[in-house]
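Asker:
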Amino acid sequence: MVCLAGLGALLAAEVILRVVSIPGISYHAFYYDSVTGGRNYPGATLMYRNDRGEEVRRRANAWGFPDVEHALAREPGVLRIGFFGDSYTEAMQVPLEDTFFRVVGRELNARLDEMAGATNRHDEPVERVETICFGMSGRGTLQSWLECQQWMDRAELDYVVYVFVENDPMDQIQALKESDIVPYPVLSADTFVVDRSFHERYGYKESAVHRAGQYLKAHSLVISTLEGRLKLLKRFGIKRRVTEAERVGAVGHGGAAGMAPSTWPDSLVTEGELLLERVLGRWARDVGRGGRRFVVLRVPREEVLLEPLEGQDSWAPALHAFCAREHIPLVDPTPYLAERERAGHEMYYDHFTREGHEAFAEAFVAFLIASECAHHTTPLPEENP
C-alpha cells in the first residue's frame, strides 16, 4: 500500500511538472559522449521555460540535437550547411521553425535564383539548401571542433559554420569553466593538445546500466528535478533563493568568470586568446582540406551591441583581427541587429528573440549569397588597348 501511494505521488508530481510552467524545470537529457563530453539523449523532450511564462518544447533528433531529422546520405544537388556551437546554436528559447538555422534554410531556398551557378563541393549545381544544427548548450570552441570532426564527413557537409559566443573562450579553460566532464585544449609549444582525462573519470557512463538511468532521467521531469535540486544543495547548501545563473551552473554550465575579458584574471586573458586562435586555426585547416568552406558567425554580446568595435570590452576585436590575418570568413551581424534594436525591437531576452533570430539569419544569408556569387563569377578578360 505504501509503495502504491508513493508511486501515485510520483506520477502526480510528474503530471504537475509537465503541465505547470515553472522556470528552471526541464528534462536533464544529457547523454555522455567520450569525445565531446555529451549531447542530448536522442528522442528526448527538450524544454525551455522563462520568467515571462513562455515555454518551448522541442525534441532531440536521432543525432542528439534539437533539429528535424536528417539523413546521413546527402541528396544530389543539395548544399549542406552545418552550424556548430553552444546554446545560441541550439536556440531552445524559440520554436524550431523560428530558429536562425531554419530561417536561413527557408530564405536561401526561396532565393536560389540569386545563387545561379553555385555548386556544392561535388561540383553539382545547387538545387536545394539544407541547414543542420549541431548546437549543444555549454559547448566551447574545442568541443564544437571535436563534434565537427564526427559529422562533417558522415553528413557530407559543404559549409561548416562555427557560431562564436563571447563565453566560448571561458569554456576552454578549466579553472574558469569549473567542470571536469569535458575535454580541454592545453597550450603546447606553438600548438595545443587535447586533455581527454575526463573520460578516465567518467567512462563508466557508457555502461548499459548508466545509459538506462540516463534514459529515465531524460524522459522524467520528477527525476530530472530531483537530480537538479540535489546538485544545487550540494553546491550552495540551503538557500532561500537560487539565481538562474546558479541554477544553470549546478548542471554543469557555470564558471568563475564572465564573458567580458575585463572580468578575467589578467594571467588568463592571453591564454584564452591563444587557445581560441589555435583551435580555430586547426579547425579551419581541417575543414579546408576536405574541400569544404569554414565560416565564423559571431554572436554580439547584448551589452556592447551598439558600441564601436574598437572600444568594446569583448573578444570581438581579437576575433576580427585573427580571422582577417588567417583569411577566415567572419560574419558579424551587428549592423542587422543594431538597426532593429535602434528601431525599438527586442533582439535579446535570454539569448535571441524571434526577431533576433531573423536578423541573425539575414546577416548570414546576405553573406552566403554574396560569397557564392563571388566564388562562381568569372571576370571577363580585359580588352587590349
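Note that the sequence shown covers residues -18 to 366 in this note's numbering. C-beta atoms are modelled at their ideal positions from N, C-alpha and C, and glycine is treated no differently. These numbers come from a predicted model, not from an experiment.
Note down the Cα distance separating VAL49 from ASN42, rounded to an integer number of angstroms.
Answerer: Numbered from 1 along the sequence shown, position 68 holds the residue referred to as residue 49. Numbered from 1 along the sequence shown, position 61 holds the residue referred to as residue 42. In a straight line, the C-alpha of VAL49 is about 6 Å away from that of ASN42.
Asker: According to DSSP, is MET133 part of a helix, a strand, or is it coil?
Answerer: If you number the sequence shown from 1, residue 133 lands on position 152. Looking at MET133 - three-state DSSP - the assignment turns out to be coil, as it is neither helix nor strand.
Asker: On the CB-based measure, 16 or more other CB atoms within 10 Å of its CB, does ARG120 come out buried or exposed?
Answerer: Position 139 of the sequence shown, counted from the start, is the residue given in the question as residue 120. Answer is buried; the Cβ neighbour count reaches 16.
Asker: Under 8 Å by Cβ, that's how I've got TRP264 and TRP126 pegged, so tell me the actual separation to the nearest angstrom.
Answerer: Translated into the one-based positions of the sequence shown, residue 264 becomes position 283. Translated into the one-based positions of the sequence shown, residue 126 becomes position 145. With a Cβ gap of about 4 Å, TRP264 and TRP126 count as contacting.
Asker: Report the CB separation of ASP139 from ASN90 in whole angstroms; it is logged as a contact under 8 Å.
Answerer: Taking the first residue of the sequence shown as 1, we reach residue 139 at position 158. Taking the first residue of the sequence shown as 1, we reach residue 90 at position 109. Between ASN90 and ASP139 the Cβ distance is about 15 Å, and since that is not below 8 Å, they are no contact.
Asker: Do you know offhand how far ALA170's Cα is from LEU255's?
Answerer: Looking up residue 170 in the sequence shown gives position 189. Looking up residue 255 in the sequence shown gives position 274. Between ALA170 and LEU255, the C-alpha separation is close to 11 Å.
Asker: Can you give the Cα-Cα distance for TYR69 and ALA344, rounded to whole angstroms?
Answerer: By one-based count along the sequence shown, residue 69 stands at place 88. By one-based count along the sequence shown, residue 344 stands at place 363. Approximately 15 Å between the Cα atoms of the pair.
Asker: DSSP state of ASP247, grouped into three classes?
Answerer: To locate residue 247, count along the sequence shown from 1; it is residue 266. Three-state DSSP puts ASP247 in a helix.
Asker: DSSP state of ARG20, grouped into three classes?
Answerer: Here residue 20 refers to the residue found at position 39 of the sequence shown. Strand.
Asker: Does the beta-carbon of GLU181 have 16 or more other beta-carbons within 10 angstroms, so that it is buried, or is it exposed?
Answerer: Position 200 of the sequence shown, counted from the start, is the residue given in the question as residue 181. Looking at its Cβ environment, which holds fewer than 16 other Cβ atoms inside 10 Å, GLU181 is exposed.
Asker: Under the assumption that PRO47 contacts MET28 (Cβ atoms under 8 Å), give the Cβ distance between them as a whole number of angstroms.
Answerer: Against the sequence shown, residue 47 aligns to sequence position 66. Against the sequence shown, residue 28 aligns to sequence position 47. The beta-carbon distance between PRO47 and MET28, rounded to whole angstroms, is 11 Å. This is too long to meet the 8 Å contact definition.
Asker: Provide the residue(s) that pair with MET96 in DSSP beta bridges, ordered along the chain.
Answerer: The residue given as residue 96 occupies position 115 in the sequence shown. None; MET96 has no bridge partner.
Asker: How long is the line joining the alpha carbons of MET151 and GLY253, rounded to whole angstroms?
Answerer: Stepping through the sequence shown from its first residue, residue 151 is reached at position 170. Stepping through the sequence shown from its first residue, residue 253 is reached at position 272. Those two C-alpha atoms are separated by around 7 Å.
Asker: Where in the segment 115 to 179 do unbroken runs of the beta strand (DSSP E), each at least 3 residues long, occur, reported from the N-terminal end onward?
Answerer: 140 to 145, 165 to 169, 172 to 176
Asker: Buried or exposed: ASP149, going by 16 or more other Cβ atoms within 10 Å of its Cβ?
Answerer: Counting from one through the sequence shown, the residue named residue 149 turns up at place 168. It counts as buried.
Asker: Let me confirm a value: ASP14 is counted as buried when at least 16 other C-beta atoms fall within 10 Å, else exposed. Which label applies?
Answerer: Taking the first residue of the sequence shown as 1, we reach residue 14 at position 33. Under this definition ASP14 is a buried residue.
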